[in-house]
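Down below is the structure, laid out as structure tokens.
There are 2 protein chains.
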Amino acid sequence: MSIEPARRVRRSPEAARENILQSAERLLLEKGPQGLKLVEVAQGAGVSHATVLHHFGSIDGVQTALAETMIRQLVARVLEAERPDDPQAQLEGVGQVLFDAFETAGGARLAAWLELTGETRRLTLVRAAVEEVISGPMAQKGVDPEKATNLILVAVSLAMGVGLIGRSLAELVGRPPETTREAALAFLKSGLAAALNR
Amino acid sequence: MSIEPARRVRRSPEAARENILQSAERLLLEKGPQGLKLVEVAQGAGVSHATVLHHFGSIDGVQTALAETMIRQLVARVLEAERPDDPQAQLEGVGQVLFDAFETAGGARLAAWLELTGETRRLTLVRAAVEEVISGPMAQKGVDPEKATNLILVAVSLAMGVGLIGRSLAELVGRPPETTREAALAFLKSGLAAALNR
DNA sequence: AGAGTTATCTACAAAAATGTCAATAGAGCC
DNA sequence: GGCTCTATTGACATTTTTGTAGATAACTCT
Numbered sequence: 001m002s003i004e005p006a007r008r009v010r011r012s013p014e015a016a017r018e019n020i021l022q023s024a025e026r027l028l029l030e031k032g033p034q035g036l037k038l039v040e041v042a043q044g045a046g047v048s049h050a051t052v053l054h055h056f057g058s059i060d061g062v063q064t065a066l067a068e069t070m071i072r073q074l075v076a077r078v079l080e081a082e083r084p085d086d087p088q089a090q091l092e093g094v095g096q097v098l099f100d101a102f103e104t105a106g107g108a109r110l111a112a113w114l115e116l117t118g119e120t121r122r123l124t125l126v127r128a129a130v131e132e133v134i135s136g137p138m139a140q141k142g143v144d145p146e147k148a149t150n151l152i153l154v155a156v157s158l159a160m161g162v163g164l165i166g167r168s169l170a171e172l173v174g175r176p177p178e179t180t181r182e183a184a185l186a187f188l189k190s191g192l193a194a195a196l197n198r
Numbered sequence: 001m002s003i004e005p006a007r008r009v010r011r012s013p014e015a016a017r018e019n020i021l022q023s024a025e026r027l028l029l030e031k032g033p034q035g036l037k038l039v040e041v042a043q044g045a046g047v048s049h050a051t052v053l054h055h056f057g058s059i060d061g062v063q064t065a066l067a068e069t070m071i072r073q074l075v076a077r078v079l080e081a082e083r084p085d086d087p088q089a090q091l092e093g094v095g096q097v098l099f100d101a102f103e104t105a106g107g108a109r110l111a112a113w114l115e116l117t118g119e120t121r122r123l124t125l126v127r128a129a130v131e132e133v134i135s136g137p138m139a140q141k142g143v144d145p146e147k148a149t150n151l152i153l154v155a156v157s158l159a160m161g162v163g164l165i166g167r168s169l170a171e172l173v174g175r176p177p178e179t180t181r182e183a184a185l186a187f188l189k190s191g192l193a194a195a196l197n198r
């Protein structure tokens, strides 16, 4: 019995890259940065590790690409909900959206990963997003840019923290996992209201 | 010319372990989880990598020990400042202390690392600390335990987020790095006041 | 001083992870 | 059908990282 050569699936370069990145993302979120091994990524994508190298050049290439797409997704999720319809409802919803963005698809874990690996330069996208919010909804509401910036900094930090450790923190003190998120949301909302209506 | 054998420094097991752990911590904070290599840790500690293995058994042993001591330090830093002298000043200082704790010596990065690696079980220490705060200063102030818990969850999450990405976030939008921290502190303070004086 | 203990070292070995290369096989095109 | 292009692969090569073993030197105790 001779060994059958594996039958191949031939994808377009774009499809191949996306397939691989999805596997990489899954691994990152499951096992953390340490789990991002070439062969495991390949395995998860149903492909040989040589293929991964063909498309990304090196393991670093994979990490870089992954970071970039994840940031892009994160920023997109945040901005998507910034429609300038009703500024009031918007401001109330900002927290909601932010929290979602950082909780969904491991946004917070991505950010943490970037911080831990010192990849903070990659964040020009984020900067653009922040500026968009400041000059968009905030300015419309007539908020002083300085103050608006501060609020955003706080809100994002909070969303980050909640997204990262919110669930386990709540469970740690014997509450349902969403407790942190809900409490933080309420806290943020009332804080925002107090800071803005004045 | 024959090679001189390196002269040895013989430490007590405890001192040796501590020396090594310090190097490991430095590396973790500098290069992230990926930078925690056996030889680098050894180099930073000024010993051979075999010595590290002798004391910790494996690289996992190093990680485990490191996580534990870092958590211990973090919790200690938080609780240290919980002296039941003046409940009022205390509550105001809580934010300060929390933020310090998560910012100093990479507390936030530690927590992030633990989360990313899925090492959340190691956190029994934290649980004890939270309970101590709830039943201590909070109860003294006559705060409903439920509400107290929520506030703590929020405060810790915020401290976490600020400690992790606060500085780079501020720099990202062109402010001095402490901006996030200061804004968050003010936000937290007024929020706490509003939630408690009622 | 001599002996015992063990933290430490060097040298080697094993394993894991990354990277290279030539051959192959899908898919579109003539 | 035959041709071309290249995504894919298996097998090999290299580098990195972790782990093992025996010898040695620092320290304590008698």
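Protein sequence lines correspond, in order, to chains A and B.
According to the working numbering, the first sequence is numbered sequentially starting from 1.
According to the working numbering, the second sequence is numbered sequentially starting from 1.
Backbone N, C-alpha and C define an ideal beta-carbon position, used for all residues, glycine too.
Partner residues on chain B for residue i, Cβ-Cβ distance less than 8 Å
i, result
"T104/A", "Simply none; closest approach about 16 Å."
"S135/A", "Those do not exist, as S135/A stays about 12 Å from chain B at its closest Cβ, beyond 8 Å."
"G161/A", "V156, S157, L158, A159, M160, G161, V162, L164"
Check whether residue i and residue j have beta carbons under 7 Å apart
i, j, result
"I71/B", "L153/B", "no"
"T69/B", "L21/B", "yes"
"E78/B", "A101/B", "Residue 78/B is actually Val in this sequence, not Glu. Closer than 7 Å, so yes."
"G191/B", "G191/A", "yes"
"Q34/A", "P33/B", "yes"
"V62/B", "H49/B", "no"
"A184/A", "L98/A", "no"
"L36/B", "L29/B", "no"
"L172/A", "T180/A", "no"
"E115/B", "L164/A", "yes"
"K31/B", "G95/B", "no"
Beta-carbon neighbours of residue i, restricted to chain B and to distances below 7 Å
i, result
"L74/A", "Neighbours of L74/A on chain B: none; closest Cβ ~12 Å, over 7 Å."
"V126/A", "L172"
"A183/A", "N150, L153, V154"
Residue range of the alpha helix (DSSP H) that includes residue i
i, result
"S157/A", "145-161"
"E178/A", "Careful: E178/A lies outside any alpha helix (DSSP H) and carries neither H nor E."
"T124/B", "124-133"
"V200/B", "Nothing about residue 200/B can be read from this structure; chain B reaches only from 1 to 198."
"K141/B", "Taken as a continuous stretch (DSSP letters only), K141/B belongs to no alpha helix (DSSP H), as it is neither H nor E."
"N197/B", "Here N197/B belongs to no alpha helix (DSSP H), and DSSP marks it neither H nor E."
Three-state secondary structure (DSSP) of residue i
i, result
"L36/B", "coil"
"F187/A", "helix"
"V47/A", "coil"
"G118/A", "coil"
"G166/B", "helix"
"V52/A", "helix"
"R17/B", "helix"
"S23/A", "helix"
"A6/B", "coil"
"R11/B", "coil"
"M1/B", "Legend: pLDDT at M1/B = 49, less than 50; position of this residue unreliable, no value from coordinates given."
"L192/B", "helix"
Assigned exposure category for residue i - 16 Cβ within 10 Å defines buried
i, result
"S157/B", "buried"
"E178/A", "exposed"
"E146/A", "exposed"
"V41/A", "buried"
"N150/A", "buried"
"A6/B", "exposed"
"E14/B", "exposed"
"A111/A", "buried"
"S23/A", "buried"
"G57/A", "exposed"
"T104/B", "exposed"
"G161/B", "buried"
"G106/A", "buried"
"D75/A", "What sits at residue 75/A in the sequence shown is Val, not Asp. Buried."
"A108/B", "buried"
"V9/A", "exposed"
"A128/B", "exposed"
"E25/A", "buried"
Proximal residues of chain A, C-beta to C-beta of residue i below 9 Å
i, result
"E115/B", "G32, A108, R109, A112, L164, I165, S168"
"V130/B", "L169, L172, V173"
"T179/B", "T149, N150, L153"
"A42/B", "Simply none; closest approach about 19 Å."
Chain-ordered chain A contacts of residue i [CB-CB under 7 Å]
i, result
"L187/B", "Correcting the residue type first, residue 187/B is Phe in the shown sequence and not Leu. Result: V154, G191."
Contact set between residue i and chain A, taken where Cβ atoms lie within less than 8 Å
i, result
"L196/B", "Within chain A, no residue comes near L196/B; the closest Cβ sits about 12 Å away, beyond 8 Å."
Check: residue i C-beta below 6 Å from any heavy atom of the ligand ZN
i, result
"L116/A", "Annotation note on the ligand ZN: not contained in the displayed structure, which lists no ligands."
Chain B residues whose Cβ lies nearer than 9 Å to that of residue i
i, result
"G118/A", "E30, K31, G32"
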